[in-house]
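Its first residue numbered 6, the sequence shown is counted upward by one per residue in the working numbering. By construction, the Cβ of each residue, glycine as well, lies at the ideal position given by its N, Cα and C atoms. Predicted, not measured: the structure shown is a model, and the values here were computed from it.
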Amino acid sequence: MMAQLQQQDDRIQYYATLCEQLYNPNSIQKQTQIQQELEQEFPTFTDNRVDSPIQVSSSSSLVIQTPTETASALRILLEASPNPYVQTFCLSRLKQLITSQFSIFDTVTKLQLRTFLLEYAFLHSNMLPFIIVQLAGVFTQLTRMGWVELEEYQQVESDLDQFLQASMDHRILGLHILSVVVQDINTTASPRYAAMFRKAASGFRDSQLLSIFKMAFRTLEELVHHTIRFDNADQEARMREYTLRLLVNCLSYDFAGTSVDEAGEDVGTVQIPTSWRSVFEQDHFVTTFFLAYQNFTSPHTSKAMECLVLLASTRKALFTGDAERSKFVVTLMQGIQNIIIQSQGMDDSDNYNEFCRLLFRFRAIAPISDLSKEQGYEEWISMVADFTIKAFQSWKWSPNTASYLLGFWSRTVETMNYYQQLDGAIIKKLESITVELVRTYILTNVQSVPTRVEEMLDDPLEDESNLVETLFMLGKIARCQYQESSSTLVSVFDPIAMEYQEWMNQAGLISTEEFKETLDLIETKFAWLVYFAAVFIGNRPAFLSSDDSDDIDGKITTKVLQLMQANQTLQNQHGTTFLNSKLDSAFIYFFQQFRKSYIGESAKAVYNSLTEVFGISDQIDMLEIMMRKIVTNLQYWGKNEPLIRHTLELFNDLASGYSALKNLRKTETTRYLLQNHMNNNTGLFGLFDDDNNNNSDVISGMHRHNRMLYYQILCKVLFAEDVTDLEFDTFMKGFEQRLDDLAQLNTIQAFQQIPVKMALHNIFRDLRGIMMAMQSKRQFSLFLEWFYPDYMPIVSRGLEAWAHDALITTTLLKFMAEFVHNKNQRLNFDVSSPNGILMFRDASQLVCIYGRHILEKTVTQEDRKYQEKYKGISICFQILSRCLSGKYINFGVFWLYQDKTIDQVFRMMFQLMLDIPMDDLMNFPKVTKAYFQLLDEFSTEQLKTLPILAMEPFVSMLEACEQGIQVPDAYIRTHACATLDHVFTMILEEKEQCQGPSTTKQQRRHQQQQQRRSSQHHADWISSSSSSSSTSSSATCTEPIPIPTSTTNNNTTTSSTKSPLLSSSSVSPTLSILSHPTTPHWCLEYLQVSPLIAASLFVTLFGLILFDDNSDQWQLSRPLYVLTLIQKEVNKKKKRYAEKRKNRNQLTTLFYSVYSERHEIYQSRHTASITRKKRICCQGNESIDGRHWMDIDEKRSRTIFS
């Protein structure tokens, strides 16, 4: 015994050492080795069957065969070693085990796990904070998984209340655990568990969240009024931290059931439930949080301010009436005013940032009509304005707060323009404030340029997406007093323009370095001003603008074009030496805003100033200016991918719309691009450099998305007018030359050259962009006649040569997916055309080629699975679904003439489906969508035509659909429901046929179908594993690709991988609805083997409709109706079976009751007879055994009752 204990202690110490080395590794290889050893010692059985034991190393003393044993081993290790590294590993491993194998555990194990976690936390109240977070995360995950199943799992508050009633350390620990539980139970989950976790989150919200919030608020009151005694200051600090953290998590809970990201945006409203009304309407409720901000110290003050931010976002309908709402708003206004007056906590950046958020959120939910009615509003708004101006001027202190302050004032101005009942004094006050705000913000940012450069501070111009979102709010503010605001912009613009012109005149007189530094400063200031001008013009109201405002926009545009002209002159003189990407990005954004406001509009006043200075009198002239800038950027900024992308986005916006596209086609620069789009002399972002140039490879890879967009735009412009065959051939001449060079390569080795690889990648990505712009049959017919069939072999050869390269396979497969896409009926061929059949054969060949190679590839790294394997498989699914849904392919021809193409591609399709584990299938959204779309299209028609399908893919398909209908994504649920509807409708139809057709003609037709199905089954669809291996090694897909067939054990067909919900090994012929005298369809046979399939799906669908808040119940009702019919038949047979059993039992009971009565009568008669006969025999001196007479009477009674 002592030796065993010592051995166990040694083993625990060994694991502790491994855990410490795992998180403090000497090398990556050593860490990987230790991780593999620990995962082998404590398996989660994620990639193995539960009944398959894990082979551990010979040195290990653990032989774990079930997930329950793994959980027990982790518990023992946790209890035996308080090492933080051991705790970290055990808790993380336990969480993985619970997530993957929770359904395997029995009820006792589930309850023991939960009890263990609570007891372990109670006994180790001094755990490190990150260990407590981990343990609470495991506890939360356990609660989410078992919330619906076990009532004990729903007692979160009562169980943790024991911590709150114990010592001070336990109380703090309980608050910490509760804060993690409230946060984690509300987080999003993988689609597989989304429905389960939503139920847990909503149940927790409805039953326990309010009481937890009340408890946390009472604790905050005690902290504010210092009624809690602490042993030391650290306890008080931790109590404050976890109390405020719990309050923040409660207030930021996803009450509405939307995603957490949407509920957590700064523009959102907190949807506090009505049951919380009494708490929010307390007199001291809001005041308590302001007191906490005043009494606490940093960093707790920022958390108190974060609570106030959430309170300020409370929905208006929560309050009983206007009086309660007004009281709530006034309390917030007074608290904000006190903070501004005292400047308390504003020296802390976190407090400062949260206070600006408070202003933004408060204004977002408090209308100006309500605020202006409150006493002291004018004084309050003046104080906020002074605070905002000081915040703009002290931009270095907290540079990220400007967006919140601008959002506050933009909302104020926006409502002021539409609310006409404000007091005149307030309106004048707000108008004067807006002009001052605009002037201060413009001057501050322009003057900050030298400081940002000297001190190397973050430049907002480098993040255009966030910058324009902030500046757009400034444009709204400027529109309040547009004349004064635009004058401010021009007054700042003119002096810098004069300085810019003077400095350009000294280009040859000073050193290049000094000239470039100064020029960069000036052009960066201009970039700010151009962005300001863009948001001024971009905020032009569509229906409320006047000619005066349009004339102001024209003057601002003239200033910008003059600046651009001077900058273009500098580029023409010095090339790329003095380029400034920030200024060119500002020009592109300015043109985008001008297009949005004036291109396509009938505003003529904007061209008054432009006509005087540049001769620009209409939209076509302005489009010519824009196109010149687009071409210039494409020529000079080939190494700047973001700028090229923004430039092409502007080009794409200009090509959107019928009238705009017509006008764009008329410009001289556009016609030049159409004629020279593949000319090397144009030098468009290094697009057509020599393929052997290494720099060309880098640039091409950088612009692989941009070049596709570029050709998509060019093709839209090309087809803006009717195009003849000659014009289209001329446009495609450059592609034709490159494809002819590739067509001359006859071997796979020739295609495996690096220049050929880059040529394949570039050409077919460009061609895909061209096809994406084709919307009509006429347009696609031009491309089809040019490309097909001469260049199609290049695609298959390239895919065969580079099947191991994910970049090339993705490009070629996406090209084929676009090639077979029948959008807008562009592939509507004539009746006698074989193009549809030929295209499907080529598409099938590509899918089979890629499938053979990808099935042999194994990717173990989670972050590489999608890019290297699943992405290509999802594109194959997309190709097949587009072929099946295109309505231009006659699939019956393939079956009629026994063409192996359809046989091969469907086999490969199912092999690819089975190659994706269920967890991966549901965790990669693009794969999930492609998978269910293919299932929907395949089950519509083609599933009925299959001669036979193995049980494994059929059950796997239904199992995936059961997971799919529980996903919150409406797209996936729609396709999953449609697939189930198609499958079980087919089952009902086949069942009706098997029960007996109504006419002789239908009987003969049904027999012919069965014979044909049987012959196809034996001819093609039953293949051995040897044929599978030979097919995989072939290069041309000449043999059928087998679907993995099911195995047979004891004359019972079962799937190699079973779902506990969709399969059952027990078969009841008496209760089966699929037992028919005729030969059943293969799907009927599979359902007969697994009778719980329909019942499980029926329960899942019915539960979703009853207990989930679904917006697509009509989609769920379609398969539910068919499954109801199936369950109806099952219930009928069960009822008939039960009635037979009942009648039989009644007859048996009746028999024994009658028999007992008769037996008593005959027994009495028999006794009397025996007595009489014995008397007679004794008189006659004859000895006869009485049992002889008893046997005679027993035989007679049996004969009678039988």
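Within the stretch 325-388, the runs of alpha helix (DSSP H) at least 4 residues long that lie entirely inside it are, in chain order, 327-347, 354-370, 373-376. Secondary structure at V611: coil, using DSSP grouped into helix, strand and coil.
Taking 4 residues as the shortest admissible run, the stretch 621-696 contains the following complete alpha helix (DSSP H) segments, listed from N- to C-terminal end: 624-641, 646-659, 663-671, 673-680. Residue pairing by DSSP leaves V91 without any beta bridge partner.
In the structure shown, V800 adopts helical secondary structure according to DSSP, grouped into three states. The residue among M132, F324, S105 with its C-alpha nearest the C-alpha of D174 is M132. By the Cβ test, the stretch 711-718 is in contact with the stretch 644-659, since at least three Cβ pairs between them sit closer than 8 Å. A direct Cα-to-Cα measurement between W400 and D353 gives close to 14 Å.
The DSSP-derived three-state label of T729 is coil. The alpha helix (DSSP H) runs of length 4 or more contained entirely in the stretch 893-945 are, from start to end of the chain, 896-901, 905-919, 923-928, 930-945.
Within the same chain, and ignoring the five residues on either side of T445 in sequence, the residues whose Cβ sits closer than 8 Å to its Cβ are I394, F397, Q398. The shortest C-alpha to C-alpha distance from T51 to any of F845, Q36, T71, L679 is the one to T71. If you draw a straight line from the Cα of A538 to the Cα of E227, it comes to about 54 Å. In the three-state DSSP reduction, T319 falls in the strand class (E or B).
Short of 6 Å from the beta carbon of F724, and not among the five residues preceding or following it, lie these beta carbons of its own chain, in chain order: Q784. The beta-bridge partner set that DSSP reports for V275 consists of T319. Here the C-alpha atom of V540 lies approximately 25 Å from the C-alpha atom of N668. Secondary structure remark: continuous alpha helix (DSSP H) runs of at least 4 residues inside the stretch 513-562, in chain order: 517-543.
With respect to Y258, N191 sits close: the two C-beta atoms are nearer than 9 Å. Judged by DSSP in its simplified three-state form, H766 adopts helix.
Counting along the chain, the unbroken alpha helix (DSSP H) around D868 starts and ends at 867-870. In the same chain as R457, and ignoring 5 residues on each side of it, the C-beta atoms closer than 7 Å to its own belong to D464, in chain order. With respect to V864, A848 sits apart: the two C-beta atoms are not nearer than 9 Å.
Here the stretch 946-962 makes contact with the stretch 907-923; the two share three or more CB pairs at distances below 8 Å. About 11 Å separates the beta carbon of V186 from that of C255, a gap too long to meet the 8 Å contact definition. The residues K100, V185, D189, in chain order, have a CB closer than 7 Å to that of G142 in the same chain once the five nearest residues on each side in sequence are set aside. DSSP places Y258 outside any alpha helix (DSSP H), giving it a letter other than H or E.
Within the same chain, and ignoring the five residues on either side of K521 in sequence, the residues whose Cβ sits closer than 8 Å to its Cβ are T582, F583.
About 6 Å separates the beta carbon of A297 from that of L225, a gap short enough to meet the 8 Å contact definition. DSSP, reduced to helix, strand and coil, places R234 outside both helices and strands of the structure shown, so it counts as coil.
Under the three-pair Cβ rule at 8 Å, the stretch 404-413 counts as touching the stretch 459-479.
Excluding sequence positions up to five before and after S602, its CB lies within less than 7 Å of the CB of I542, G543, R545, all in the same chain and listed in chain order.
A contact between stretches requires three or more CB pairs, one per stretch, nearer than 8 Å, and the stretch 609-616 meets this requirement with the stretch 556-575. Annotation for G429: the continuous alpha helix (DSSP H) segment containing it runs 429-452. The stretch 195-208 makes no contact with the stretch 243-254; the number of CB pairs closer than 8 Å stays below 3.
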